[in-house]
Structure formats: C-alpha cells, structure tokens
Amino acid sequence: MMEETRCKKMIDNQPQGGKMDRSGSRSNQFLQTIERICSRPSYMCGGSRRDAAEDLLQLRFATGKIHLIITSSKFDAASKESFIRQNGLPILIMALRVAPSEKQIVDNIISTLLELLHKSSNSKYLAILVNCDACSILLQILMSEYKESLPRECLMMQLHQLLAKIGTKDPKFPVKGRLSQALVITLNLIKTNTTHYKNLLPLLRVLKMYSSNNINASYLVKNACIQLMTRIVTNCCKNHSAIIKHALEILCNLTKTKSGKAAFLMEDGVKLMYTTAREGVDTGDTESLIFLSSSILRKCCPIELLPLDHFENLITFELPVPDNSDNHSDISCSEKTAENTNLDLNEEEETSDTALECLEMEDSTTTNDFGEANEEASKTFSKKKHISDSLSKQRSAKDLQESYAKFFDEINEEDKVLISCLINESPEQTNQQSDKELAFVKKSTDLQEKPQAKVITESKLPQGSDDTTNSVTSSSSPTNVTQANANISNSPHGGFRKSSMRRRDANRSSVKARRSNSCKLFRSYDRSFSDILNRSAMSLLMTNIDTDIVNSETSKVYRDFSNDVHDSGLYLSLARKTKSVYHFEKVPYPDYIGACSVPHPEPLNNVKTLISRLNLLDDIDRQLYSDKLINLTAFDIDQKIALEQNVGRPSCWSYLQNDDIELLQSVPTNKMNKTCLRFSSQFESGNLRKAIQVREYEYDLLLNSDVNANNHHQWFYFEVSNMKSGIPYKFNIINCEKFNSQFNSGMKPVMFSVKEAIAGRPYWFRIGKHICYYKNCYIRSQNRSYFTASFQITFRHSDDICYLAYHFPYTYSTLRTHLKSWEQKYDRDLVYFKCQELCETLSGNSVPILTITGCKQLEEEDSSDSDMQSSEKSYVFLSARVHPGESNSSWVMKGIIDFLLSNKPSALKLMKNHIFKIIPMINPDGVINGSHRCSLAGNDLNRRWLYPCAKLHPIIFHAKGVLSYMKLINKLPTIYCDLHGHSQKKNIFLYGCSPLKSWQTLDADNPTYHEWGEDISYQILPYILNQTAAAFSLEDSQFHVEEIKETSARVVVWRQLGVVNSYCMESTFCGFDQGTYRNTQVSTHHLQEMGRQFCEGILLLSQIPLEEQNILCIPSSPLSPNNSQLSLSHKMASINRLRIKRRSKPQNVRHESDTQVDEVQGKQGLVGADGDKVCLETNNKDSGNSEEDKDNEDDEYDNDGEEEVDDNEEDEEEEDDDEDDDENNNNDESSDEACEIVSLPS
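Below is the structure:
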C-alpha cells in the first residue's frame, strides 16, 4: 500500500507533456508515464538498480490503473477511440518489449489488450498491433512462460486468444510461430486440452494459422496432428460446431500435402468426414461443416478410373495423307507439343461459389503449367505462322479463279471479263503479283476506299505532364494526318503486308513512344468524358437511321412457327443418304417432325449450392457402401461396335426410319424388364457411350469423345424409354471435362416426349431438378479429374419414349431439309437464291454454300429510288457450326436465312444493297457423328484458318479460298460473322478485333490500325444490336485479340484478309440475365429472332453514310495536332461535323447517351461548329462508379469469353466459349488506358 501511494505521488508530480490531446484524462496520464519510462535512455541501457526498481514500480502501477479504467463501465466506445488515437496500443506493446519477464506488468497489459479487442470489428486496431510486431513479442512471452517450472496455463490461454486475433492480419505469423518454437507449444497444449472445449477453441484458431504454411503442415503431419484432429472431431458433440469447424479447417490445410492425404486415409478419415457432413445436413449447418467436409473429401477420396473397358473411343477414322507432307508434319509436330502442354486457360469464368468449389481441388502442379503452356503456344504460333506463309503462296490468282469463280454468278458479265483478262494476262507472274496489282476494279463498294476518316480527338488531360506538348512531332499536322489516312484507306489490308511491315519498322519507335505516353496520361484521366463522347458519336450516327420499317415488323418472340413446314418424308429420304462413321439404327422423332422449343418462356433454374455437396456425399456413400449398388450396364455402345465390321468407314443407312408411335400404340407382347430404363444413341447427332444403373432410379452416363480426339465430352443426345411416371430418376453424366458449367447458373437440359407430341405438344422443353455440376472422384490424364453433371427428371408418362439433349438439336439432315424447303418457297421474282456445293467433307458429305440477294428485276423496279447498281452491292459473309456441339448457332443461322428469303420490306431492302454468302454448317461430319468440338480429323477447325490443309481441313481450306478470291476481285465482304455458342456465359454478344486490345504491344498488321488512331467503325454494329435486339448484350461483347486466337476465323479474316467488321457471335446455351428476357431460358425462338435482328442491324448500319462509319478515335492529345489550342468545343464540333440530320427516334431504339447528354443542360455549355449549343457533363453521376467499372473491365479482360481448345487434350471453348477465361495474359498498357470505344454503355 505504501508503494502504491508513493507511485501515485510520483505520477501526480510529473510534468504533463503536450503530446496528448486530452491531457486531463487519467488514462492519458498513465500512458505518458509508460511512454516516458520506456523511452528513457538510462533504463534502456541498464541504469542503477534503484532507478530500475522505481521504473518497474511505476510501470506496474500505471498498467494496473489503465486496466481498471479500460474495464470500468464508464469506458465507452468514444473513450476507446480516444485511447487508440493517443497511441495507446503502441505504448502498451512498448511496455511489453521493455519488461517481458515482469508477470504483473504482462498480466495487466494482456488483460487490457483482450478487453480492447473484445468484439471489435475494426481491423484498424489489429493493423496497429501488427505494425508494432506484437506477434513476435507475444510469442516470446509465450515461450518464456512455457519454460517456467510452473507455467501459468491461464496466461498461455490469454496469449493464444490475442494471437488468434492479431495473427489473422500478420502474413508472417506462421513463420514466426515456427521460428520461435511456439508451434510445438500450441500442439502440446491442444493434446492436454482435447476435452476442455473453452481452452481448445483459441488453440485451434492459432494452429489453423500455423497449418496454412506448407513447412508447418509437414511438421504437424509428422507429429500426429491429423490423428489429433480426427479424435477431436469424433469426440465433439453437435453443440460444439465451432470447434469441429476449426478442426476441419486444419485438416483441410494438412491434406494439401501428399503425406497429409496418406495419413488421413490411414485414419479412415473419409468415413469420418462423410459422417460429419451428413450430421451437418441433419442439423442444417450447411455452410461450415458440409463445405469443409466436402472439400477434404474431394482431396482425399480414393481416385477411380472411369467404368470403361477402353478409355479411347473405339471409332477411329482413317485420315488422308496430305500432299505437303513435310510442311504438315512440322505443323502436326508443333501442334502435338502444344496439345500435351496446354491447359484450360480460359475456362475459369464466372467463378461462383460452386465454381470455386469445383476448382479448389485441382492439383498445384496444374497451375505451374500455365506459364509453360503460354510460352509453348507462343513458339508454336510463330512456327505455324512461318509455315502458313509458305503454304499460302502456293495458291495463285489463277487457281483461285478456277476454283471459286463459279460461286459468283451474281457478278455482271463486264466484271467477269475484267477479272478473267487480268488474271490470264500474266499467268507466269501470278505468284509474284502484289495485292495492289490484283485490285483491278476501283469502285465505291470496296471497303478500303472509304472516304477520308472523321477524326475524333480528345483533350482535357491532367495538367502537370511536361512531356505532353513535346511529344507532338512535326508529323502531327493535319496535312500529314489526311495523307496518312488516304494512304491507309487506299491500301489493301493483307495478312502480313510488306508495305505495312516497312512502315511499322520505320516508325515503330516514334509511334510506340507516343502510344506509351498516351497510356500513362490516361491512367489519371477521368474516363467519363470519353464515355459520353463515344456514346454521343454512336447516338448521332444512329439518328440517321430510318427504323420505321423495322419497327412495323417487330413481332413477339414466342410466335407461332406452324407455318415452317417440315416435310418428314423428305427428311427421312435425306437422312438415309447421310454418311456417318457410327452405325445408325433409327431417325429420332423430334428431328423427324422438325421440333422446336415450347412457344412460351421458361424460367431459369433456382440454383442451390447445397445440391452439389450432397451429390458429392452421395458419391462417397457409393464408395463406402459399394455392396449396396446394382451396377447393371443398361447400355454400352462399345459392345455393339465390337460386333460390327468396317468400323469407322463412312456409310449410308438406307433402312433408317422412325417407328416410335407404332411402338407406343402397339400392345407389348413380351415381358420386358420394368426395373431398368432403356437407352439408345445410334442416330444422327446422338452421343451416349454407356449407361450404368447404380441404384433403382439412378443412372451413371458416359459420353463419347470426339472421333480421333479422345476428349471433348459435353454434347449429349440420347433416347430413354421404359420409364415409370411420377418417380424422380437421377442421371449423372460422370465424364465431363470443363471446370464449370451453366448447369450451376440456372441452365436445364432439354427433353422431348413422344407422348406429349401425340397429345399436340411436339416441343422441346426444359426439364430437371436438383441440377448441379461438380468435381467427382474419377481421374483422367495429367492427374486431373472429371466432373459430373447431375439432374433429376420426373417423367409425365409411363412407358414413354423421350429424348434428352444438352441443347436443342439441329442435325445435318435438318439443314438439308430446310435447304430443299427454302428452294421451293422463296419468291423468284424478288429474291435471288442459289445453293451450291462448296466441297465434300472427309466422309463424303456435301457442304453447301448459299448466295442470297435481291433479284435483278427488283433492282430495276427500284432503280429510281436508289443509285446502287448490282455490281456495287456490298458482300456479307456468314458461317456457322464450326463446333458441332453448338447447335444454337444453327438456329440463329436459320433465323437469318428465313428472314432473307421472306418477302418482308426490310429484307428486300437489305438484299437490294447486299449479297450474302453463307456457309450454314462448316463441320457436318462432327454434327452427324455427335462430336462436341472437332472434325473427323480430330482437330478444332476454328484453329485451322491460318494454315488449312486441303486434305485434312477441306472446308476451311475452301472457305478461306472463297474469301481470298473475294479479296482478289475486290469484293471483300464488309461484314464477316462466324456464329458460335458459349457454354460459360449468358446472353448473346459479339467478339470483334481491336489493335488496342491486341496481345501485341504495337499491333499494326490489321485493317483498323492507323498511325494516328484506331478505326472504331467495327463497334457500330454491336451498338446498333444493343439498341434493337433484346437478347443482345453489349456489356458482354469484347474486342480482344489474343495470341492463342490468331488461328481462329475471326482474327484471320480480320488480320490476313483485311475485313474490319470481322465478328464472332456467341449465343448462350443457358439464358439471359439482363433486358426483356431476364431470368428466362434461351429458346429456339430467341435464337431465330436474334438472326432476324442481326439482319435488321446490318440494314440499319447500311443507312449510315460510308464516310461517317470510318471514324478514327485518337488515343490521346499527345497524338493530336496543336494540343494546347484544342478545347472541348472543338471535340464536340468534330462530332457535329458528321453532318447527320436528326430524325425522330423509334420506340424500340434506346438512346441513353443522348438522354445523358441532354440531362446536363446548363452544367457545361459548348458551342459547336454549326452554332448549336452542346451540353456535356464531365462529372456525372455515373463517374462515381468509375473505379468499379474499371475493375469490371479488368475482370472481363482477364477472362476473355473466348475459351481455348487443344485438339487432343482439353475441352476449351473458342469464340465460343468458352471464354476464357486466359487469366492476365493481355495486360499491356494500351489495352486499358488508351481511349477507345470498348464496352459501350447501353
């Protein structure tokens, strides 16, 4: 008591410093005392014993008083904030560092810290302690206390409580714990407190942080930590779920190592985790126990092989030998290397909780291969590019003329004579002729001869950059800009142009420097002005469009398609002539009658994340109790193939028919097994390899791989019968390969019922409950696992015949049936329609190419209304179904052709000015044989456009030949679009090509690149579609050019052939998450409507004057002349000079950009060149989301919707898809910082 009185007098007599804001506070006085004592040099250097004793006495007293003040009821939240503001936490840690062995001081400070951090949600307090290195001091105190002869367990528990809080913010905490040997102390304390649950909880929290380090995890496994955790999980009752959760988290960290997995299996941990997860389901604690248990089970459950006798597909097709064996052997060699190393780099899109759950179990070695795969892909592409140059030179102008002139009967005789004369003039020099010499017809229809581009510049960049004005070189004059634009617009855009290469080499350094400076300036530039400027430009372009004719024809999407006559007899006769390598037994009934989707909207599935975890537990239940399974093979196509002769030889099946109705109407005379479903997939586009009955109402299904590929398992189409009504049947497709699927995002499979068709409802409809997609226990190549797509179906009718498919089927025979129907019903007085054979597939099936335009009679009748002559029509080139499993692209193509052959005024107006060249199905062999992605050559044809082989890839070879011939005769299409399906995204969108979004730092080998900016006319059509098509999403559209896509159709046609508007249209398999069709499944009606609206978008685009479409968007003011004199009024005046006459806007065309600009009247008035007052809001409400929008753009850029595919290894999606997602592969400065119109807001 006397010592306490003396300390109080000493503290009261101390001079008060000026450091504290509230010097009258008692806690602040004690903090000043502690800070003064700990900072005293004599004490730190070891002063006299008397001084040291007095200092320790004062520290005991001050820390004790602070603890009393902190624990008092008067110490509220405001007082706590004031205490923290006065550096209370660093001062207390300083006292611990000075006197770590003084028990009373340590007890006072530890109790005070626990009280301050109790129920504190402010991480700022923890960050302060981490900065003071509190963890190291606390670990030192813990180690000292543990070495005492009688260690105080209460203090060690308090230290662990503090460490459990502070360690979460210290990334080096696991290493500090190991180096200070505190890891051993924590493990020993857990062993002595396995039943003392109050002490066990903080110990487990600290041990969980220790185990996150691999070295610590290995040490813990060697010291029987897994056995300890399993014992804790077993002994704990349901009331201690928090302890079980932390123990499971520790097990999850420990089982990341091989030794941890082995120890876990030795302890029979699989059964323990299964029991724990089941208990979590019963108690409703789904998020903690089930998730953790399923995560451990995914890592440690025994790996199994697929229940197949042969992993490889038994169907093989003998390939022809290419003529250029040397060159193509080099290609094959380089491809094989890439295929063995490349991985699914674009698959990881839209990683939801379930997606992360699917991905969490991939081996760590897989991620290490990403860099090697990219490096190998780069080397492979360089080699392919060199080989493709040598192969492309072998096709002379005369060869192109002889091969493809027959597809251009619409060209008038005068042009045909000019073409023939020029090509035959010097046959010996055709290989050396330049593109300029071959461009003999100079007409206004040539896209390269656009009028001088309108230059849209931007200023108002941040001040303070001294390099802004200096970066403008002497070549930045308007004269030089005009001359450069003229030279570029008149030059042909070849794939790898010599003139472009020379210009690029000469100006690379200066242009790159200006681009780099531009990107740096735009890092701090507010993009709101750029967005409004670009949207205003697009909106002004739209005002010149006459959309009245389109509005008058707008109809409901779910219209009656009964007028689309489908001749079943014609289909049957054509199906019998179709050649396949699989043995077909029948014609499926939905294709026989031409079924489409139901004429009403179907909602997206309500996704429940618990379903996938329950299915995983069900898989574990199979392994633990395999004796309860039936394991009866209900269908095996391999057994039938083994009995056949001439396997893999293309054949026609003249006996094909459909007798489903007869089977249903006849009375069964034989006694069939009613306990097992019957399956079949031996029909066109069918895909089901094996069906196994594992339980009474549960079946495991295995899909066939693509022919000659042994991978790509996604598309399925099969028949099922002999079912019972009202009983939920569960189907598990167990050999899927994608990391994620839209089955986890609301997608349902489609089903067709024959009995429903007989009742008057002959439609495909979405069906299924408990739909999920998750990683299973089956292993494939490179130690990677398969995934399971699971769904339950309750059939409406007993003994029905139903067909299940991944998406609405559209077969090759269906296409041929539609071609015959189109040829018979179109109006020959108004429409010119011609169907020719482009070539034959590897199996001998014909590949049609269509020519559709307005007939000459129509042009003559309307000649007074238009100056456009037949020879001046612009071409549009369309293709679809390069990937067989993307049947949605065929439905879009059907909508396009139906619209073009109709007598609608808008269609006739469109064809009066355009000629459509259409290849409706590029990969018939893949479609016929039920493949998902490849041709019979085992190759993804959309990766063969740069180097097509006439023998292995005849369709791509001739399709590119037609486009090359169109370039030769100066008839290059103004628009090229390849139709695809996307399995990872919703909505319908476009992919285009932008040099500023290219993988190359300075991408000059393309038709949109100019030294002074980028031709952004390719973004007008997506903008129009976003305004007019409800299913289209401009937000999902992208314009990236990745290195791995250089061999795809979109990029090759853009870069090598010079088509600015080169697109890939992606259609979802799932549904829509925006607009009018939000939360609905996609249907055939949506897809056909999108085809019609795509044509209408081309019509609207054609109404924009050609000189207004060619817009150059200058990246930034350093590239602009007279930077100091440019102002916002000049910027808006450059837009106003587009000479577009405003018209009334149609109701279905939205002009948010105009609305946004009009709403800011009076905020910033600008006077344009025409005297019109223009208002611009530079700090609008949308600018508040600029950072979020930028993050979204970065995420979109990292997960490029196009997914990449290796031909013989992984199922990746291209322009389709499947995108993906390469992560961080294209982060050049010019991608995100330069000013361009990308992701135009709707």
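The sequence shown maps to residues 1 to 1242 in full-length UniProt numbering.
For glycine and all other residues, C-beta sits at the position ideal for the given N, C-alpha and C.
Predicted model, so just to flag it, every value in this text is computed and none were measured.
Contact under 8 Å by Cβ, residue i with residue j
i	j	result
Phe712	His932	One point to set straight first is that residue 712 is His, not Phe, in the sequence displayed. Yes; because the gap between Cβ atoms is below 8 Å, this pair is in contact.
Asp636	Lys586	no
Gln1038	Arg766	no
Val270	Cys301	yes
Leu910	Ile1098	yes
His246	Arg298	no
Trp1054	Pro1007	yes
Leu289	Ser211	no
Asn223	Leu187	yes
Asn913	Thr974	no
residue 1301	Ile918	Examination of residue 1301 is not possible in this model, given that the chain is present from 1 through 1242 alone.
Thr276	Val233	yes
Asn923	Leu946	no
Arg761	Trp653	no
Gly844	Ser685	no
Residue i versus residue j - alpha carbon distance
i	j	result
residue 1305	Ser1102	In the structure as shown, the chain starts at 1 and stops at 1242, and residue 1305 therefore has no counterpart that could be examined.
Val962	Tyr1077	38 Å
Cys1095	Ile793	38 Å
Lys748	Trp999	36 Å
Arg828	Phe877	22 Å
Ser82	Ser72	15 Å
Glu414	Arg943	38 Å
Leu159	Leu59	20 Å
Glu698	Thr675	11 Å
Glu312	Asp706	10 Å
Ser983	Leu815	23 Å
Residue burial classification, residue i (beta-carbon count within 10 angstroms, cutoff 16)
i	result
Phe791	buried
Tyr625	exposed
Cys154	exposed
Leu643	exposed
Lys997	buried
Asp1005	buried
Pro603	exposed
Ala709	buried
Gln824	exposed
Val417	exposed
Asp170	buried
Ile733	buried
Pro905	exposed
Glu1213	For Glu1213, the predicted structure reports a pLDDT of 42, less than 50, and the residue's modelled location is therefore unreliable. A value from the coordinates is still provided. It is buried - the Cβ of Glu1213 has at least 16 other Cβ atoms within 10 Å.
His310	exposed
Glu318	exposed
Start-to-end residues for the alpha helix (DSSP H) that takes in residue i
i	result
Pro954	954 to 968
Leu819	812 to 825
Asn131	123 to 131
Tyr592	589 to 593
Boundaries (first-last residue) of the beta strand (DSSP E) holding residue i
i	result
Pro728	728 to 736
Tyr803	801 to 805
Arg695	690 to 695
Any 3 or more C-beta pairs closer than 8 Å across the stretch 764 to 772 and the stretch 601 to 618: yes
Sufficient close CB pairs (3 or more, under 8 Å) joining the stretch 655 to 665 to the stretch 893 to 902: In short, these stretches do not touch, since the Cβ pair count stays below three.
At least three beta-carbon pairs within less than 8 Å, the stretch 773 to 789 to the stretch 676 to 692: Touching, no, given that fewer than three Cβ pairs across the two stretches are closer than 8 Å.
Segment contact flag, the stretch 83 to 90 with the stretch 127 to 136, C-beta cutoff 8 Å, min 3 pairs: yes
Sufficient close CB pairs (3 or more, under 8 Å) joining the stretch 820 to 839 to the stretch 793 to 811: no
Sufficient close CB pairs (3 or more, under 8 Å) joining the stretch 563 to 583 to the stretch 1059 to 1074: no
Cβ contact check for the stretch 730 to 741 and the stretch 779 to 788: 3 or more pairs under 8 Å: yes
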